[in-house]
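First the structure, in the form of structure tokens, and then the observations on it.
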Amino acid sequence: MQARSKQSPARRTLTRLGITALAVILATLGFTAPADAAANSGPAVWTKDSADRVFSSSPEPENPTRSVSLDAARGEQEAAQIAVRAPVYRDLNFVHVTTGLLAGSRGIIPPSAVQLRKEYNHPHIQKVGGDIQQPPDGGNSYYDALVDNDPGRVAANFTQPYYFSVRVPEDQPPGVYRGQIIVLTEAGARVVPVSLRVYDVTLPPANEQHFQMNNWFTSAGWDYKGTIEAIPLQYGVRMYDPRWWQVIRNIARNMAEHRNNVIYADFQALLIPATTIDDNGIYHFDWSVFDRFVQTFIDAGALEYIYTPTLLEPNSTGGSDMEMLKKVDGKTKRVLVPPDSQESNTYLDMLFPALRAHLDEKGWTKRFIMSAVDEPSQPGQVTAANWFYQKYRNYFPDGNYSTNEAHNHQMPDIDPNLTTVTPVINLYERNIAYYQDLRISGTKLWLYTAIGPQGDEMNRFISYHLDKTRLIPWLIWKVGGIGYLHWGWNYWYQSQNPPWVKINTFDAPQTGDNYLVRPDVKRLGIYDSLRSETQLDGVEDYELLTKLAENSPLTARAISQRVIDSITSYIRDGNRVVDAHKALLEALDKGQGDAREPFQDSFTGGDAAWTHTVGNWSAANGQYTQSDPGAPDAVSAVRDRAWGDAEVNTTLALGSGGYTSWAGVILRNSNAAEVDTGYLVGVHPDGELFIERTGKTVASTRIPDYRPGTKLPLRITIRGTEIAVHLGGKPLLRYSDPQNGFADGQIGLATNGTTATFGPVRIDPRPGAQNTSE
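So the sequence shown is residues 2 to 775, counted in my numbering.
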């Protein structure tokens, strides 16, 4: 322990004046240490955007940013990181970072809306498979949890980041607000200027937003293991005691703040404490605990939907057992029984009408989402699920119900029973056409992540690039989805059998799959994480995209193309995501609608205006060639542009290939590299001209006198739901989509299993502007 006489002068000064007082003095004087002070004896201080990782081994960048510049809507949170690195050979024994209010010409943003938290360095992160982000030193330490901003030591040659965030009040006047972040150390101080621009744009609160965010969390029921044990183990509470309810209230508040508006509530488990069953087997369902639980989230402003966990549990024989309540040793308990048995049918014929009547009474019927089974894969599970849903629908004859399941296998025999399908992202990737057909037919679409996928797809593992977490809602918006499920928000539990084991959520080995946040035991609250804040940013981005698309759908689509080309091809640079977010705000603030400028490329100067991930594309001498005959679904799309109605003029010379080979033009695809969204106008090597939607031919004809290698002059128009293909000025093929499956998207040139050469391309957003005759 250090003797009092050895306390540094700076620390003695801080002790006498207090951190806040010194911060005010420094701010008033505008004190900033020289930028090169860190190379001598003081700390290096720089800033980082909120969607990129800082590591303990991160060196100071060559051209560091030393200020914070944020852009936000009203009702939105925006953030940045401040990195503090100690000199190579000396610890910084006292470091404290502080901030305060932001002020502008139209008022202030109060300190209560400004937060500064220290990032926790987790020493044992398990790196999962796939596209991970390695720390500079190659180690296993990653920052994730956001903890109290207490003064502390920064070890020599070590970088400590801090998370600075501002939650803009919903009634904040638009304008620029400025403030400072002050880094106080015994070796000196640094002042980081802060600027926040608030736009004349307002986001809706969580319980009124468009995006349906479902972070599966533990409370009661489901597996009746970690789900019911995690909170008592971590906080030292008993289920349903006053302190347990305080934890639930704090969870509800946190979910409202993070726009988690689909609440995972096991209605049957919440019946157990107060429901009684008499000796004649008559159930007296008592909904008081369920009501209190749901009302807690309503009062917090978090609840828009209630998602009940599955009542069918897969068993070891490939089938399912059904959960029901029974009287066991004089108490109401959950037991497992065979589905579609006399006992299970009799039970559901009591439970479901009671549930429907109670939901109607509370006004929650339209908010309630039923789920039969989790991740079904076996025929017996399909049979049980279909029986269950048919039983459920019997008590909702008006069709006023919602059903949803998380799937990691394609389930065409269950999906007709679902009002929302929720495939894991890589399952959706393998079956884009199938899920898009469901969406077009009226089934809602969510995407799902858990322990998978582990590849190039997005997921929110700690060892992945941080911007992947933010981009998931962008991807969902691009493919026409409305919601997202991740199973592990707080599964703070590691044993599958008694005695239950309390997991160390900070220092135990972890991937980030089981939990997104961590327990703040002292306050019976929640410690957020980099990933929970970044996920919030993504949900806010989805709301901005949706809001912009109401009046400027092509602008929204074009901005989204800046960050995602496909499910596996997207940027790993968080700063570019932040730039795209700013572009959304600027477009909304201007409110000018979509610009409709023609596009033209003569292919004499490369293909910088195009984006592609598959194939060998090259532009020269007025031609654009894809020269790899084996490339599957190779698309080169116009970069950062989108169209609804359009006329495309080009020429196409197709190489050789089999019947499945083709080349052509893709219209309105959702992602630049996709052929299973939008409309494909293609030509087979045998001269068949066709139109496809979601992988299925919807119209076709033969090109008269076609010969292999013929240069085909194509004029393709898409206007509303109508597509017309002209060859040499002559109409040859038409199609009208009765469902208007794709209203807007990108335009690209595409090949599959063959080579092709395209001539100069002109795209006019006003079909017929160049050619008035049809």
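No residue lacks a Cβ here, since even glycine has one placed at the ideal position from N, Cα and C.
Check: residue i C-beta below 8 Å from any heavy atom of the ligand ADP
i	result
Thr277	Of the ligands one can find in the structure shown there are none, so the ligand ADP has no counterpart to examine.
Separation of residue j from residue i, as counted between CA atoms
i	j	result
Ala751	Asn670	11 Å
Pro633	Gly730	30 Å
Phe298	Arg250	7 Å
Asn405	Leu448	11 Å
Gly781	Pro65	The requested residue 781 does not occur in the structure, where the chain is confined to residues 2 to 775.
Thr506	Val522	12 Å
Gly679	Leu586	27 Å
Ala725	Lys128	51 Å
Phe218	Asn491	5 Å
Gly539	Tyr163	20 Å
Trp246	Arg524	13 Å
Ser51	Asn576	8 Å
Arg640	Tyr429	24 Å
Val195	Ile182	7 Å
Thr421	Gly607	44 Å
Arg54	Leu360	44 Å
Arg394	Leu349	12 Å
Gly319	Asn409	16 Å
Val338	Lys503	31 Å
Val184	Gly153	12 Å
Asn158	Ser603	53 Å
Phe384	Trp223	Looking at the sequence provided, one finds Thr at residue 384 rather than Phe. Cα-Cα distance, rounded: 21 Å.
Lys49	Val155	18 Å
Gly656	Ala757	6 Å
Pro315	Pro377	8 Å
Trp288	Asn432	41 Å
Ala373	Ile473	26 Å
His97	Thr444	52 Å
Asn741	Ile441	8 Å
Lys327	Ser57	54 Å
Outcome for residue i when other beta-carbon atoms lying within 10 angstroms are tallied against a minimum of 16
i	result
Met325	buried
Asn215	buried
Lys548	buried
Ala621	exposed
Gly592	exposed
Tyr90	exposed
Gly705	A small fix is needed here, since residue 705 is Pro in this sequence, not Gly. Exposed: under 16 other Cβ atoms inside 10 Å.
Ile565	buried
Ala40	Below a pLDDT of 50, predicted positions are generally treated as unreliable, and Ala40, at 44, falls in that range; the measurement from the model is reported next regardless. Exposed: under 16 other Cβ atoms inside 10 Å.
Thr661	exposed
Ala207	buried
Met240	exposed
Gln135	exposed
Thr228	buried
Gly721	exposed
Arg716	buried
Val336	exposed
Val177	exposed
Residue(s) in a DSSP beta bridge with residue i
i	result
Gly656	Bridge partners of Gly656: none, in fact.
Asn650	Arg716 and Arg763
His259	For His259, which the question treats as bridged, DSSP gives no partner whatsoever.
Ser619	Thr626
Trp447	Gly484
Phe600	Ile764
Lys731	Leu728
Asp595	Beta-bridge pairing links Asp595 to no other residue.
His410	Paired residues: none, contrary to the question.
Gly105	Gly108 and Tyr178
Thr99	Ile183
Gly665	Gly683 and Ala751
Tyr144	Asn122
Trp611	Val639
Meets three-Cβ-pair contact criterion under 8 Å: the stretch 553 to 566 and the stretch 448 to 457: They do not touch, by the three-pair rule.
Mind the definition here: the stretch 261 to 268 touches the stretch 300 to 307 only if three or more C-beta pairs lie below 8 Å; say whether that holds. As far as the Cβ criterion goes, the stretch 261 to 268 touches the stretch 300 to 307, which means the pair count is three or higher.
Do the stretch 81 to 90 and the stretch 40 to 58 make contact, defined as three or more Cβ pairs closer than 8 Å? Yes: the two stretches touch, three or more of their Cβ pairs being nearer than 8 Å.
Those runs of the alpha helix (DSSP H) which lie wholly inside the stretch 282 to 366 and span at least 4 residues: List check, alpha helix (DSSP H) in window: 289 to 301 and 343 to 363.
If we count Cβ pairs, one from each stretch, closer than 8 Å, do we get three or more for the stretch 746 to 763 versus the stretch 659 to 677? Short answer: they touch.
Could you pull out every unbroken alpha helix (DSSP H) segment of at least 4 residues lying fully inside the stretch 489 to 577, listed in chain order? For the stretch 489 to 577, whole alpha helix (DSSP H) runs of length 4 or above, ordered along the chain, are 531 to 550 and 554 to 562.
Start-end ranges of the beta strand (DSSP E) lying completely within the stretch 73 to 97, minimum 3 residues: Within the stretch 73 to 97, the complete beta strand (DSSP E) runs of at least 3 residues fall at 78 to 86.
Check whether the stretch 458 to 468 and the stretch 509 to 520 touch, using three or more Cβ-Cβ pairs below 8 Å as the test. Taking a cut-off of 8 Å on C-beta distances, the stretch 458 to 468 touches the stretch 509 to 520, as three or more cross pairs fall below it.
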